[in-house]
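In this note's numbering, the protein residues as written are 211 to 338.
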């Protein structure tokens, strides 16, 4: 009895640019997004959206934990609730990590991803 290998039904999409990767990015680069939210539902939803789009995600469940993570990781962008941004900005100040403030309008995946991409691009663009 011979076995046939399983074949994909869909076309190979490994070379297609998705999510956090753009043609101008270095090969294999995935922006690291620190998601700081005490609400597990919001945090998990944000993590799922970003992970599906090939962003590297570091979720944390408290601002204290986010401050500790900032000491070891250097994320490309931090996603946090508006009430927590000032505390995180003080912790991230020397590194200049950009922030995306989560609002009710940003529960739509397209708006969240667009805001994250814009923050990353603006951080990479040198000031004139």
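Cβ atoms here follow ideal geometry from the backbone N, Cα and C, with glycine treated the same way. As the structure is a computational prediction, the values presented were derived from the model and not from experiment.
Anticipated Cβ contact below 8 angstroms, residue i with residue j, distance rounded
| i | j | result |
| --- | --- | --- |
| residue 292 | residue 270 | Going by Cβ atoms, the distance from residue 292 to residue 270 rounds to 17 angstroms, so no, they are not a contact pair. |
| residue 326 | residue 287 | 5 angstroms |
Cα-Cα separation, residue i to residue j
| i | j | result |
| --- | --- | --- |
| residue 277 | residue 301 | 6 angstroms |
| residue 261 | residue 309 | 18 angstroms |
| residue 243 | residue 322 | 12 angstroms |
| residue 338 | residue 306 | Here the model assigns residue 338 a pLDDT of 46, short of 50, so the residue's position is not dependable and the matter cannot be decided. |
| residue 296 | residue 331 | 22 angstroms |
| residue 272 | residue 219 | 42 angstroms |
| residue 240 | residue 264 | 7 angstroms |
Burial state of residue i (16 or more Cβ within 10 Å)
| i | result |
| --- | --- |
| residue 253 | buried |
| residue 329 | buried |
| residue 333 | exposed |
| residue 249 | exposed |
| residue 283 | exposed |
| residue 294 | buried |
| residue 290 | buried |
Helix, strand or coil at residue i [DSSP, three-state]
| i | result |
| --- | --- |
| residue 267 | strand |
| residue 240 | coil |
| residue 313 | coil |
| residue 307 | coil |
Limits of the alpha helix (DSSP H) - the one that residue i falls within
| i | result |
| --- | --- |
| residue 261 | 250-262 |
| residue 275 | 273-282 |
| residue 247 | No alpha helix (DSSP H) contains residue 247, which DSSP labels as neither H nor E. |
Start-to-end residues for the beta strand (DSSP E) that takes in residue i
| i | result |
| --- | --- |
| residue 287 | 287-291 |
The ligand NAD heavy atom lying under 7 angstroms from the CB of residue i
| i | result |
| --- | --- |
| residue 270 | Ligands displayed in this structure: none; no statement on the ligand NAD is therefore possible. |
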